[in-house]
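Each remark here refers to the structure printed beneath this line.
Numbering (my numbering), first residue to last: 186 to 413.
Shown next, in the form of structure tokens:
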């Protein structure tokens, strides 16, 4: 198990604590986004994805420009989301949705697909997704990364959510299946990993709302608590 101190060292060496410090200096302690921070979102509000160079490691960067307007796609049109709906809503097996063949081809070309190194890994992955769906369907909570993996660092590895200039929630490309499941089950609130924020979206109560599951366009009139 990685200790709290070891996690801090990892964040420091990667430059993420410096990113946190710069954001705190610029936006204030409560409104500063933190790298790999856990936010809470209503998955039904995530209607579009955006394709850009930002990865998980760019979490909590505040960036201007038109990155949030380029290469937008409707969530429902993403291939992996379509395959999830075909499986969970239409009853097709994972094999018949084409996702197993897709993952196998990627493994042959690139050596892995979504951390799967073999066909057996792929099959196990989709068995795990079936288990997740069944668990959530009966009312169990959608757990954050910290509750799933003892070595997790904040919400690193969660569903990536960027924030556009108008404070719209944009899917960042990590966590297709989990987001699709949450939308299919019409869950009210799920944890996600903070991605990149457009500079025009920053302002009073943005982060407060994101941390508490409020729509980021609404003000957060609550007592602000310390952030760990």
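No residue lacks a Cβ here, since even glycine has one placed at the ideal position from N, Cα and C. Since the structure is predicted, the reported quantities are computational estimates derived from the model, not experimental observations.
Helix, strand or coil at residue i according to DSSP, with G and I counted as helix
| i | result |
| --- | --- |
| residue 245 | coil |
| residue 148 | No answer is possible for residue 148: it lies beyond the span of the chain, which begins at 186 and ends at 413. |
| residue 329 | coil |
| residue 307 | helix |
| residue 338 | coil |
| residue 285 | helix |
| residue 292 | helix |
| residue 187 | coil |
| residue 410 | Annotation note: pLDDT 45 at residue 410 (below 50); position unreliable, coordinate value reported separately. Residue state, collapsed to three classes: coil. |
Paired residues, beta bridge with residue i - DSSP
| i | result |
| --- | --- |
| residue 356 | 234, 346 |
| residue 257 | 235 |
| residue 226 | 375 |
| residue 209 | The partner list for residue 209 (beta bridge, DSSP) is empty, contrary to what the question assumes. |
| residue 382 | 247, 348 |
Nearest candidate by alpha-carbon position, reference residue i, set the options
| i | options | result |
| --- | --- | --- |
| residue 323 | 370, 217, 270, 337 | 370 |
| residue 330 | 316, 345, 319 | 345 |
| residue 197 | 357, 220, 211, 214 | 220 |
| residue 280 | 303, 257, 307 | 307 |
Anticipated Cβ contact below 8 Å, residue i with residue j, distance rounded
| i | j | result |
| --- | --- | --- |
| residue 225 | residue 396 | 7 Å |
| residue 239 | residue 347 | 7 Å |
| residue 232 | residue 209 | Not a contact, Cβ separation roughly 31 Å. |
Sequence-distant residues of its chain with Cβ nearer than 6 Å to residue i (five each side left out)
| i | result |
| --- | --- |
| residue 286 | none |
| residue 292 | 298 |
Residue i: CB within 7 Å of a non-hydrogen atom of the ligand COA
| i | result |
| --- | --- |
| residue 288 | Ligands in the displayed structure: none, and consequently the ligand COA is not present. |
Proximal residues to residue i (C-beta, below 7 Å), its chain only, five neighbours per side dropped
| i | result |
| --- | --- |
| residue 360 | 343, 344, 345 |
| residue 282 | 268, 271, 272 |
| residue 350 | 253, 383, 385, 386 |
| residue 263 | 234, 361 |
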